[in-house]
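>
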Amino acid sequence: MFVLLPNSFGKIAGLLALVASVICLLFISIVFGVMDTTWQTAVEAYTNFSGTNEQLVIKEVRVPRALIAAAVGASLGMVGVLMQTLTRNPLADPGIFGINAGASFFIVLSISFFSVNSLSQFAWIAFLGAAVSGVVVYVLGALGKDGLTPLKLTLAGAAMTALFSSMMHGMLVVNERTLEEVLFWLAGSVAGRKLEFLVSVLPYLAVGWVGTLLISGQLNVLMMGDDVAKGLGQRTALLKVTTGLLIILLAGSSVAVAGPIGFVGLVIPHIARFLVGIDLRWVLLYSAGLGAVLLLGADIAARWITMPDELPLGVMTALIGAPIFVYVARKGLSRQ
Amino acid sequence: MKKYMTFRTSKLPISFLIDRKALLLTLVLALLLFVAVVVSTGLGTMFIAPLDVLSVLFGGGSPGDQLVVLNLRLPRILVALLVGIGLGVSGAIMQSLIRNPLASPDIIGITGGASVAAVAFFTMVEGVSIHYVPFAAIVGAAIVTLLIYVLAWKNGVTPLRLVLVGVGIGAAMSALTTLLIVTAPIQLTARSMIWLSGTVYGSSWQNVWTLLPWTLVFVPLSIIFARSINAQQLGDEVATGIGNPVHRHRFLLLMFCVALAGSAVAVGGAIGFVGLLAPHIARKLVGSALGALIPAAALCGGLLVVLADLIGRMAFAPLDVPAGIFTAAIGAPFFIFLLYKHRNR
Numbered sequence: 621m622f623v624l625l626p627n628s629f630g631k632i633a634g635l636l637a638l639v640a641s642v643i644c645l646l647f648i649s650i651v652f653g654v655m656d657t658t659w660q661t662a663v664e665a666y667t668n669f670s671g672t673n674e675q676l677v678i679k680e681v682r683v684p685r686a687l688i689a690a691a692v693g694a695s696l697g698m699v700g701v702l703m704q705t706l707t708r709n710p711l712a713d714p715g716i717f718g719i720n721a722g723a724s725f726f727i728v729l730s731i732s733f734f735s736v737n738s739l740s741q742f743a744w745i746a747f748l749g750a751a752v753s754g755v756v757v758y759v760l761g762a763l764g765k766d767g768l769t770p771l772k773l774t775l776a777g778a779a780m781t782a783l784f785s786s787m788m789h790g791m792l793v794v795n796e797r798t799l800e801e802v803l804f805w806l807a808g809s810v811a812g813r814k815l816e817f818l819v820s821v822l823p824y825l826a827v828g829w830v831g832t833l834l835i836s837g838q839l840n841v842l843m844m845g846d847d848v849a850k851g852l853g854q855r856t857a858l859l860k861v862t863t864g865l866l867i868i869l870l871a872g873s874s875v876a877v878a879g880p881i882g883f884v885g886l887v888i889p890h891i892a893r894f895l896v897g898i899d900l901r902w903v904l905l906y907s908a909g910l911g912a913v914l915l916l917g918a919d920i921a922a923r924w925i926t927m928p929d930e931l932p933l934g935v936m937t938a939l940i941g942a943p944i945f946v947y948v949a950r951k952g953l954s955r956q
Numbered sequence: 096m097k098k099y100m101t102f103r104t105s106k107l108p109i110s111f112l113i114d115r116k117a118l119l120l121t122l123v124l125a126l127l128l129f130v131a132v133v134v135s136t137g138l139g140t141m142f143i144a145p146l147d148v149l150s151v152l153f154g155g156g157s158p159g160d161q162l163v164v165l166n167l168r169l170p171r172i173l174v175a176l177l178v179g180i181g182l183g184v185s186g187a188i189m190q191s192l193i194r195n196p197l198a199s200p201d202i203i204g205i206t207g208g209a210s211v212a213a214v215a216f217f218t219m220v221e222g223v224s225i226h227y228v229p230f231a232a233i234v235g236a237a238i239v240t241l242l243i244y245v246l247a248w249k250n251g252v253t254p255l256r257l258v259l260v261g262v263g264i265g266a267a268m269s270a271l272t273t274l275l276i277v278t279a280p281i282q283l284t285a286r287s288m289i290w291l292s293g294t295v296y297g298s299s300w301q302n303v304w305t306l307l308p309w310t311l312v313f314v315p316l317s318i319i320f321a322r323s324i325n326a327q328q329l330g331d332e333v334a335t336g337i338g339n340p341v342h343r344h345r346f347l348l349l350m351f352c353v354a355l356a357g358s359a360v361a362v363g364g365a366i367g368f369v370g371l372l373a374p375h376i377a378r379k380l381v382g383s384a385l386g387a388l389i390p391a392a393a394l395c396g397g398l399l400v401v402l403a404d405l406i407g408r409m410a411f412a413p414l415d416v417p418a419g420i421f422t423a424a425i426g427a428p429f430f431i432f433l434l435y436k437h438r439n440r
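Same order as they appear, the protein sequences are chains C and V. Using the working numbering, read the first sequence as starting at 621 and increasing by one per residue. Using the working numbering, read the second sequence as starting at 96 and increasing by one per residue.
1. Quick one: residues in its chain with C-beta nearer than 8 angstroms to the C-beta of residue 44 of chain V, no 5 flanking neighbours on either side, listed in chain order?
2. By Cβ distance, which residues of its chain are closer than 8 angstroms to residue 913 of chain C, with the 5 residues on each side in sequence left out?
3. Please return the same chain residues whose Cβ sits closer than 6 angstroms to the Cβ of residue 634 of chain C, not counting the five positions on each side in sequence.
4. Check for me: the alpha helix (DSSP H) holding residue 684 of chain C runs from which residue to which?
5. Short check: CB of residue 695 of chain C to CB of residue 916 of chain C, under 9 angstroms?
6. Name the one or two DSSP bridge partners that residue 766 of chain C has.
7. In three-state terms, what does DSSP make of residue 672 of chain C?
8. Kindly indicate which three-state DSSP category residue 140 of chain V falls into: helix, strand or coil?
9. Measure the CB-CB distance between residue 175 of chain V and residue 212 of chain V and report whether it falls below 9 angstroms.
10. Using only alpha-carbon positions, find the residue among C:911, C:909, C:842, C:773 that is nearest to residue 755 of chain C.
11. Using a cut-off of 8 angstroms between C-beta atoms, extract the partners of residue 372 of chain V located in chain C.
12. To be precise: take each residue of the segment 251-277 of chain V, compare its Cβ to all Cβ atoms of chain C, and keep it if any distance is under 8 angstroms. Which residues remain?
13. Name, going along the chain, the residues of the segment 876-890 of chain C whose beta-carbon falls closer than 7 angstroms to a beta-carbon of chain V.
14. Considering only the beta carbon of each residue, do residue 748 of chain C and residue 879 of chain C sit closer than 9 angstroms?
15. Which same chain residues, not among the five before or five after residue 922 of chain C, have their C-beta less than 6 angstroms away from its C-beta?
16. Kindly indicate if chain C contains any beta-carbon less than 9 angstroms away from that of residue 170 of chain V.
17. Using a Cβ-Cβ cut-off of less than 8 angstroms, give me the residues of the segment 729-754 of chain C that come near chain V, in sequence order.
18. Are residue 709 of chain C and residue 763 of chain C touching if we call contact CB-CB under 9 angstroms?
19. Flag this pair as yes or no: are the beta carbons of residue 373 of chain V and residue 399 of chain V separated by less than 9 angstroms?
20. Should residue 404 of chain V be labelled buried (16 or more other beta-carbon atoms within 10 Å of its own) or exposed?
21. Curious, which full-length alpha helix (DSSP H) runs of at least 4 residues does the segment 233-318 of chain V contain?
22. Using a Cβ-Cβ cut-off of less than 8 angstroms, list which residues of the segment 394-420 of chain V approach chain D; keep chain order.
23. Alpha carbon to alpha carbon, how far is residue 778 of chain C from residue 311 of chain V? Give it in angstroms, no decimals.
24. For residue 432 of chain V, tell me which candidate among V:359, V:307, V:375, V:130 has the shortest Cα-Cα distance.
25. So with Cβ pairs under 9 angstroms, would you call residue 955 of chain C a contact of chain V?
26. Please state whether the Cβ-Cβ distance between residue 261 of chain V and residue 183 of chain V is less than 9 angstroms.
27. Closer than 7 angstroms by C-beta to residue 423 of chain V: which residues in its own chain qualify, once you throw out the five before and the five after it? Chain order, please.
28. How should residue 339 of chain V be labelled, buried or exposed, when 16 other C-beta atoms within 10 angstroms of its C-beta is the threshold for buried?
29. Would residue 850 of chain C pass as an interface residue toward chain V - the criterion being a Cβ-Cβ separation below 9 angstroms?
30. Helix or strand or just coil, what does DSSP make of residue 101 of chain V?
31. Three or more C-beta pairs closer than 8 angstroms, one from the segment 281-294 of chain V and one from the segment 936-950 of chain C: is that the case here?
32. Which residue from C:829, C:770, C:691 puts its Cα closest to that of residue 78 of chain V?
33. CB-CB under 8 angstroms to residue 882 of chain C, same chain, minus the five flanking residues each way: which ones, in chain order?
34. Three or more C-beta pairs under 8 angstroms: does that hold for the segment 886-904 of chain C against the segment 785-793 of chain C?
35. Would you call residue 867 of chain C buried or exposed, if buried means 16 or more other Cβ atoms sit within 10 Å of its Cβ?
36. Measure from the C-beta of residue 376 of chain V to each C-beta in chain C and report whether the shortest distance is under 9 angstroms.
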């Protein structure tokens, strides 16, 4: 397999470059938009706040949005690696495997029937939805003597997505008030999100990030196959459950904050593996960075393409991701 | 041993072996469907006895009954029937083509293509009659299917690649649908949402006439080409060996699927899982030989959508709940059951 950065010096340099581009994109995302602002205004908004419109836009709209895009992007990139490792399926992604649809359905359900609208509750509801559909899809995909086959997993994911989205459409038809409230959120977007959104899920995200990096070495062993991992004394069942929980934590928080954003988890790990090879410790770090870069970039592009309107972020990522999905489906599976 | 009747003609290159038990069951299904249509036509805010419905159908009945039956209820129920037939048959073809009991037009992205085109029509085209939606939807379904087919092609199309590429393209299509809905004005949004949840609410005779030709042309064609699928089910090598043009016929049948599913989706919206359920029920009844399966799947599909629509109208009256929700509520658990049952394949 071709690896762009084979030695660790290159990997560290690449990682630093990645961090630098995340910071760069954060700044661009903060400064650039319908209302043009300058670097000075952005800095003064925090050092010398005088309450001008520009400063307010930066503090209330741009900074939260940029930070959320970065955090969600990093999480989705990591989720993709975890899912692809756990299911041994190069097509795994929270969107394809029904996790996004499950979390969205539960959130719409709670808004329309139980009038839930507090942010911290959203996160728990999203975890519940992600867990329910994730477990169902995994179990359905793993049934039978062949274990997890890509076909079974993908079909199970597609079916759960169809089920949840049809029930969600039904609820939205019956209840038009909810429709207006959740429509833009449902398309996946970081626009108009307040900083409190991010703050309320940050603890879960932090646990997810740290946990993922902590188990990455163990996952390297698991990748060699269950039998080998068991032979080396690894508690594979425990590791798999932990991985599952981390997936739910990261994917659920992402949906709660930004709505269902598809294809990031699919695309990013492939790019990361192309850059640094198969060592999951590196792949995870790179995926986090690349995910943040992708979402920040997509969000800037979503604002720019149809200025002064904007496209939902989830649509942007799907349009970038679908061709790559098809490419992986053609290449990746024919090798197996 | 099954008892068969043979049907041959020297004029046309067609011959059939007809399984008597399957024929009998198909007739029973047709009768059930007829009863369902008549009873469903009678039920609603104003109850009309089945006999009165029948007399209206044969040209009699009171003027009030005539108005309600002919203008309000019958077109809707006939549309439900035709939508069900289209989805049932296209599901039967799809499952046999892909040789996977879990495949259906909505899962591999064909209905997704139809949805994009139809929603684009709703939200972007102004001032043109809504009755052109079917054409848009069929074109959308055809383009997307061609796309899936071409992208899955690599020395021929294997069922596995077709499903995987279809799921990916389907996800992209739903993103496009979302994009159209989000950017459109809110009143158009509501209409698209209703349509997306799958309902035959507000169908008129014009919907019936738009849908009917597609059903009348492509269901018989599917039955005629069914022999080719029967051969393909033995595997590509065997089918090629016995002289079946595998890829050409696979493509043709896929296009029949598109025409049937696309026209059904255009008029009925995204009524899910009918294409999955109907062929399975039919297979339980008449076996998996396609000559018998396709008519039976058509009838089962019709029955399913007519009943789902009836429940949607009656159960939460005066709220008109989209039929698609009920088909999904039955279809998804059934799908899970199928995955479980075929876990060792």
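Note that beta-carbon positions come from the ideal geometry of N, C-alpha and C, so glycine has one too.
By the coordinates alone:
1. This structure cannot settle anything about residue 44 of chain V, because the visible part of chain V is limited to 96 through 440.
2. 638, 641, 642, 645, 693
3. 625
4. 683-707
5. No, they are not a contact pair.
6. Partner(s): none; residue 766 of chain C has no beta bridge.
7. coil
8. coil
9. no
10. The residue with the shortest Cα to Cα distance from residue 755 of chain C is C:773.
11. Per Cβ cutoff of 8 angstroms: no residues; residue 372 of chain V is ~12 angstroms from chain C at best.
12. 255, 256, 258, 259, 260, 262, 263, 264, 265, 266, 267, 269, 270, 271, 273, 274, 276, 277
13. 882
14. no
15. 930, 931, 933, 936
16. no
17. none
18. Judged by their CB atoms, residue 709 of chain C and residue 763 of chain C are not nearer to each other than the 9 angstroms cut-off.
19. yes
20. buried
21. DSSP runs (the alpha helix (DSSP H)) wholly in the segment 233-318 of chain V: 254-278, 281-291.
22. Checking the listed chains, one finds no chain D in this structure; the protein chains it contains are C and V.
23. 31 angstroms
24. When only C-alpha atoms are compared, the closest one is V:375.
25. Because residue 955 of chain C sits at a pLDDT of 45, beneath the cut-off of 50, its placement in the model cannot be relied upon, and the following sentence gives the value as read from the coordinates. Taking Cβ atoms only, chain V never reaches closer than 9 angstroms to residue 955 of chain C, which makes this a no.
26. no
27. 367, 368
28. buried
29. no
30. It is a strand residue.
31. no
32. One cannot answer for residue 78 of chain V here, as it falls past the ends of chain V, which runs 96 to 440.
33. Counting only Cβ-Cβ distances below 8 angstroms, and skipping sequence neighbours, we find 713, 714, 715, 716, 720, 808, 934, 937, 938, 941.
34. Here the segment 886-904 of chain C does not lie against the segment 785-793 of chain C, with fewer than 3 beta-carbon pairs under 8 angstroms apart.
35. Looking at its Cβ environment, which holds 16 or more other Cβ atoms inside 10 Å, residue 867 of chain C is buried.
36. no
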